[in-house]
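Enquirer: Protein sequences appear in the order of chains R and C.
Residue numbers for the first sequence follow numbering that gives the first Met the number 0, beginning at 0 and rising by one.
Residue numbers for the second sequence follow numbering that gives the first Met the number 0, beginning at 0 and rising by one.
Below: one structure in structure tokens.
Protein chains: 2
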Amino acid sequence: MNRRAVVLLSGGMDSAVVLAHLVRGGHEAHALSFDYGQRHRHELACAARVARQVGAASHRVASIDLRAFGASALTADIAVPKDRDVAHSHDIPVTYVPARNTVFLSHALAMAEAIEACHIGIGVNAVDYSGYPDCRPAFVEAFERLANLATRAGVEATERGGRWMTVHTPLLDLSKAQIVRRAVELGVDLSLTSSCYDPSPEGRACGRCDACQLRARGFADAGLPPEA
Amino acid sequence: MNRRAVVLLSGGMDSAVVLAHLVRGGHEAHALSFDYGQRHRHELACAARVARQVGAASHRVASIDLRAFGASALTADIAVPKDRDVAHSHDIPVTYVPARNTVFLSHALAMAEAIEACHIGIGVNAVDYSGYPDCRPAFVEAFERLANLATRAGVEATERGGRWMTVHTPLLDLSKAQIVRRAVELGVDLSLTSSCYDPSPEGRACGRCDACQLRARGFADAGLPPEA
């Protein structure tokens with residue numbers, strides 16, 4: 000088993016911290032982003048800058064056709080909700096994209112097997128998994144199990160009595176404030192990241208969607224000054 | 000739970016039989032094919048014709064970037080093996096595409112949730128699963144489990160004590176000859192399907208790759224005359 004990893008990198012804060020965590024932990028980390036017709040495509044430029052700043056071994060953007068599957072405010076013509084009371088909402092929000100993390104992880108798995116990596120990193124965390132089913136620990140465990148059954152590398156490792164793929168979720172139990180603190184510890188330049196679901200064409204955050212609210216609260220709770 | 004289904008349709012014989020099986024069984028079956036940079040893109044035209052002939056409710060082609068992940072004779076610049084002794088080979092062949100069925104099923108899952116289908120059909124079978132890890136029953140079961148954890152629909156059904164997604168694999172234990180017989184029973188026009196891994200630009204089968212050999216043997220064992 001080697002130290003090569005594929006890290007899902009969205010351009011947001013969370014995945015930047017996962018990338019930095021694996022790079023600082025001695026992994027050769029290859030970043031993978033998706034152009035899936037998201038309205039916040041600005042995040043792809045952020046992902047490229049983050050990959051460089053944090054020290055990814057490579058950065059690749061895969062195009063996928065998730066827009067064809069519609070049914071989410073992030074990909075279809077549904078308004079992004081603003082000014083919600085995110086602290087007290089436990090519903091699955093309309094920004095949920097059907098099976099998005101399953102699709103992203105399956106592409107990461109294909110890339111991992113192709114480049115002979117046996118680690119995948121993904122920035123799911125406790126703040127998200129109250130709302131998104133594909134951010135929960137049970138989902139991640141089920142995917143890891145699938146990965147080891149689905150691939151030549153997984154089957155060969157199992158036959159040797161070992162295990163091939165490990166899915167790393169270093170943020171799983173962290174609050175947004177803890178993620179912000181971890182970013183600072185790991186030297187991630189958070190000004191390069193973008194969390195907003197509905198930025199302006201120039202990439203300016205709206206400040207009002209769930210993601211902006213959670214980010215601002217994370218900064219405040221971590222004792223950092225608000226972002227410009 | 001409704002009767003709506005997403006069926007992975009490659010343009011080959013096996014998935015055509017799965018589609019016909021579900022349509023004849025009373026499902027509203029929506030076919031999903033992939034343009035993934037495969038060298039045998041001719042199969043996409045076959046898929047469209049099969050969808051029409053068999054009676055799919057719709058047919059959609061999703062573009063995905065699997066070529067970027069290389070490492071297979073079907074997507075990279077590696078020769079398709081010819082004249083192999085397919086009856087006595089149990090290795091994973093070079094035509095294996097890393098994690099292909101995981102990627103395909105995850106897209107089918109996204110589409111299923113978006114169109115409110117709770118069935119997925121896939122043409123994996125016993126002939127393949129000696130060679131491809133992602134055709135084995137254990138893989139299919141692990142995916143079904145993941146599907147019910149990964150999605151809003153799965154979580155909601157589980158909370159009501161039910162189950163959302165069923166993955167249908169009606170060919171799982173069939174030989175190629177049994178699949179050919181099933182195609183005839185179900186009225187599938189096999190002349191519309193293409194199994195070859197390396198057809199001519201006009202779509203003419205090579206007759207020598209593993210897929211052509213298995214298909215020809217299936218016809219012979221089913222007592223049908225060889226194809227023109």
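Virtual Cβ for every residue (Gly too), placed ideally from N, Cα, C.
Any C-beta of chain C sitting closer than 8 Å to the C-beta of glycine 153 of chain R?
Expert: What you label residue 153 of chain R is simply residue 154 of the first sequence in a count that begins at 1. Judged by the 8 Å Cβ criterion, glycine 153 of chain R is in contact with chain C.
Enquirer: Does chain R have any CB closer than 8 Å to the CB of proline 169 of chain C?
Expert: On the second sequence, position 170 is the one that residue 169 of chain C refers to. False, the Cβ-Cβ gap to chain R never drops below 8 Å.
Enquirer: Kindly list, in the order they appear in chain C, the residues whose Cβ is closer than 7 Å to that of isoleucine 63 of chain R.
Expert: Your numbering for residue 63 of chain R matches position 64 in the first sequence. Under the 7 Å cutoff, chain C gives Ile63, Asp64.
Enquirer: What residues from the stretch 94-106 of chain R come within 9 Å of chain C, judged by C-beta to C-beta, listed N to C?
Expert: Answer in chain order: Tyr95, Val96, Pro97, Ala98, Arg99, Asn100, Thr101, Val102, Phe103, Leu104, Ser105, His106.
Enquirer: Between alanine 109 of chain C and proline 132 of chain R, is the Cβ-Cβ spacing less than 8 Å?
Expert: To locate residue 109 of chain C, count along the second sequence from 1; it is residue 110. To locate residue 132 of chain R, count along the first sequence from 1; it is residue 133. Their beta carbons are not under 8 Å apart, which means alanine 109 of chain C does not touch proline 132 of chain R by this criterion.
Enquirer: Would you call the CB atoms of valine 22 of chain R and alanine 55 of chain R closer than 8 Å?
Expert: Along the first sequence, read from residue 1 onward, the residue named residue 22 of chain R stands at position 23. Along the first sequence, read from residue 1 onward, the residue named residue 55 of chain R stands at position 56. Contact: yes.
Enquirer: Can you tell me where the beta strand (DSSP E) holding histidine 29 of chain C begins and where it ends?
Expert: As a working note, residue 29 of chain C is residue 30 in the second sequence. Note, histidine 29 of chain C: beta strand (DSSP E), 27-34.
Enquirer: Pick out whichever of C/Ala210, C/Cys117, C/Arg214 has its Cα sitting closest to the Cα of tyrosine 196 of chain C.
Expert: Taking the second sequence and counting its residues from 1, the one referred to as residue 196 of chain C is at position 197. Closest by alpha carbon: C/Ala210.
Enquirer: Going by alpha carbons, who is nearest to histidine 167 of chain C out of C/Ala107, C/Cys45, C/Glu184?
Expert: In the second sequence, counting from the first residue as 1, residue 167 of chain C sits at position 168. The option with the nearest alpha carbon to histidine 167 of chain C is C/Ala107.
Enquirer: Let me know if proline 169 of chain R comes out buried or exposed under the rule of 16 or more other beta-carbons within 10 Å of its beta-carbon.
Expert: What you label residue 169 of chain R is simply residue 170 of the first sequence in a count that begins at 1. Proline 169 of chain R comes out buried.
Enquirer: Out of C/Arg2, C/Asn1, C/Ala19, which has the shortest C-alpha to C-alpha gap to valine 179 of chain C?
Expert: Along the second sequence, one-based indexing puts residue 179 of chain C at 180. Of C/Arg2, C/Asn1, C/Ala19, the residue nearest in Cα terms is C/Ala19.
Enquirer: If I measure Cβ to Cβ from arginine 51 of chain C and keep anything under 8 Å in the same chain, skipping five residues before and after, which residues do I get?
Expert: To locate residue 51 of chain C, count along the second sequence from 1; it is residue 52. Only His58 meet the Cβ criterion.
Enquirer: Taking only beta-carbon atoms, is threonine 150 of chain R less than 8 Å away from chain C?
Expert: Position 151 of the first sequence, counted from the start, is the residue given in the question as residue 150 of chain R. Yes - at least one Cβ of chain C is within 8 Å of the one on threonine 150 of chain R.
Enquirer: Is it the case that the stretch 25-41 of chain C contacts the stretch 201-221 of chain R, given that we only count it when at least three CB pairs across the two stretches are under 8 Å?
Expert: Segments in contact, no.
Enquirer: Taking the alpha carbon of threonine 101 of chain C as the reference point, which residue from R/Gly122, R/Val123, R/Ala146, R/Cys134 has its own alpha carbon closest?
Expert: On the second sequence, residue 101 of chain C is found 102 positions in, with the first residue counted as 1. Nearest C-alpha to threonine 101 of chain C: R/Ala146.
Enquirer: Please go through the same chain and pick out, in chain order, the residues whose beta-carbon is closer than 7 Å to the beta-carbon of alanine 70 of chain C, but skip the five residues on each side of it.
Expert: Start at 1 with the first residue of the second sequence, and residue 70 of chain C comes out as number 71. With a pLDDT of 49 at alanine 70 of chain C, under the threshold of 50, the predicted position of this residue should be treated as unreliable, though the coordinate-derived value follows. Closer than 7 Å at Cβ, skipping near neighbours: Pro97.
Enquirer: Here's the rule I'm using: 16 or more other beta-carbon atoms within 10 Å means buried, otherwise exposed. How should leucine 73 of chain C be labelled?
Expert: Translated into positions along the second sequence, residue 73 of chain C becomes position 74. Any reading at leucine 73 of chain C must be qualified, since the residue scores a pLDDT of 46, below 50, and its modelled position is unreliable; the value itself is stated next. So leucine 73 of chain C ends up on the buried side.
Enquirer: The beta strand (DSSP E) spanning glycine 120 of chain R covers which residue range?
Expert: In the first sequence, counting from the first residue as 1, residue 120 of chain R sits at position 121. Glycine 120 of chain R -> beta strand (DSSP E) spans 118-120.
Enquirer: Would you mind giving the Cβ-Cβ distance between threonine 165 of chain C and cysteine 117 of chain C, rounded to the nearest angstrom? I have them listed as a contact below 8 Å.
Expert: Locating residue 165 of chain C in the second sequence gives position 166, where the first residue counts as 1. Locating residue 117 of chain C in the second sequence gives position 118, where the first residue counts as 1. That pair is a contact at about 7 Å.
Enquirer: Alanine 55 of chain R versus chain C: which residues are under 7 Å apart at the beta carbon?
Expert: Residue numbering aside, residue 55 of chain R sits at position 56 when the first sequence is read from its first letter. Residues of chain C passing the Cβ test: none, with the nearest at roughly 16 Å.
Enquirer: Counting only beta-carbon atoms, is proline 136 of chain R nearer than 8 Å to chain C?
Expert: Taking the first residue of the first sequence as position 1, residue 136 of chain R is located at position 137. Not closer than 8 Å to any Cβ of chain C, the Cβ of proline 136 of chain R fails to qualify, so no.
Enquirer: Assign leucine 145 of chain C to one of three DSSP states: helix, strand, or coil.
Expert: Within the second sequence, the letter at position 146 stands for residue 145 of chain C. Of the three classes helix, strand and coil, the one that applies to leucine 145 of chain C here is helix, per DSSP.
Enquirer: With DSSP collapsed to three states, give me the class of arginine 159 of chain R.
Expert: Taking the first residue of the first sequence as position 1, residue 159 of chain R is located at position 160. Arginine 159 of chain R falls in the coil class under three-state DSSP.
Enquirer: Shortest alpha-carbon distance to arginine 151 of chain R belongs to which of R/Asn124, R/Phe142, R/Ala182, R/Ala111?
Expert: In the first sequence, residue 151 of chain R corresponds to position 152, counting from 1. Ranking the options by Cα distance to arginine 151 of chain R, first place goes to R/Ala111.
Enquirer: Below 8 Å on C-beta distance, what does alanine 141 of chain C contact in chain R?
Expert: Translated into the one-based positions of the second sequence, residue 141 of chain C becomes position 142. Ala141, Arg144, Leu145, Leu148, Ala149, listed in chain order.
Enquirer: Taking only beta-carbon atoms, is alanine 70 of chain C less than 8 Å away from chain R?
Expert: Position 71 of the second sequence, counting from 1, holds the residue named residue 70 of chain C. In this prediction, alanine 70 of chain C has a pLDDT of 49, which is less than 50 and means its spatial position is unreliable; nothing more can be read from the coordinates.
Enquirer: Distance check for lysine 175 of chain R and glycine 10 of chain R, CA to CA, integer angstroms please.
Expert: As a working note, residue 10 of chain R is residue 11 in the first sequence. As a working note, residue 175 of chain R is residue 176 in the first sequence. Going from the Cα of glycine 10 of chain R to the Cα of lysine 175 of chain R covers about 16 Å.
Enquirer: If we cut at 8 Å on Cβ distances, does isoleucine 77 of chain R have a partner in chain C?
Expert: Position 78 of the first sequence, counted from the first residue, corresponds to residue 77 of chain R. The predicted position of isoleucine 77 of chain R is uncertain, since its pLDDT is 49 and thus under 50; no value can be drawn from it.
Enquirer: Just to confirm, is the Cβ distance from histidine 41 of chain R to glycine 202 of chain R under 8 Å?
Expert: Residue numbering aside, residue 41 of chain R sits at position 42 when the first sequence is read from its first letter. Residue numbering aside, residue 202 of chain R sits at position 203 when the first sequence is read from its first letter. Cβ distance < 8 Å, so histidine 41 of chain R and glycine 202 of chain R count as in contact.
Enquirer: Based on DSSP bridge pairs, tell me the residues matched to serine 62 of chain R.
Expert: Mapped onto the first sequence, residue 62 of chain R falls at position 63. The partner list for serine 62 of chain R (beta bridge, DSSP) reads R/Asp34.
Enquirer: Taking only three categories from DSSP, how would you classify valine 16 of chain C?
Expert: Reading the second sequence from its first residue, position 17 is the one you call residue 16 of chain C. Residue state, collapsed to three classes: helix.
Enquirer: Please classify serine 105 of chain R: does DSSP put it in a helix, a strand, or coil?
Expert: As a position in the first sequence, residue 105 of chain R is number 106, starting the count at 1. Correct three-state label for serine 105 of chain R: helix.
Enquirer: Is the CB of leucine 213 of chain R under 8 Å away from at least one CB in chain C?
Expert: Along the first sequence, read from residue 1 onward, the residue named residue 213 of chain R stands at position 214. Chain C contact via Cβ: absent.
Enquirer: Which residues, in chain order, does the stretch 182-203 of chain C contribute to contact with chain R at a C-beta distance below 9 Å?
Expert: Listed in sequence order: no entries.
Enquirer: Quick check: what's the CA-CA separation for glycine 291 of chain R versus alanine 125 of chain C?
Expert: Within the shown structure, residues of chain R are numbered from 0 to 227, placing residue 291 of chain R beyond reach of any answer.
Enquirer: Find the nearest neighbour of tyrosine 95 of chain R within the set R/Ala44, R/Gln37, R/Leu148, R/Ala46, judged by alpha-carbon distance.
Expert: Counting from 1 along the first sequence, the entry for residue 95 of chain R is found at position 96. Out of R/Ala44, R/Gln37, R/Leu148, R/Ala46, R/Gln37 has the C-alpha closest to the C-alpha of tyrosine 95 of chain R.
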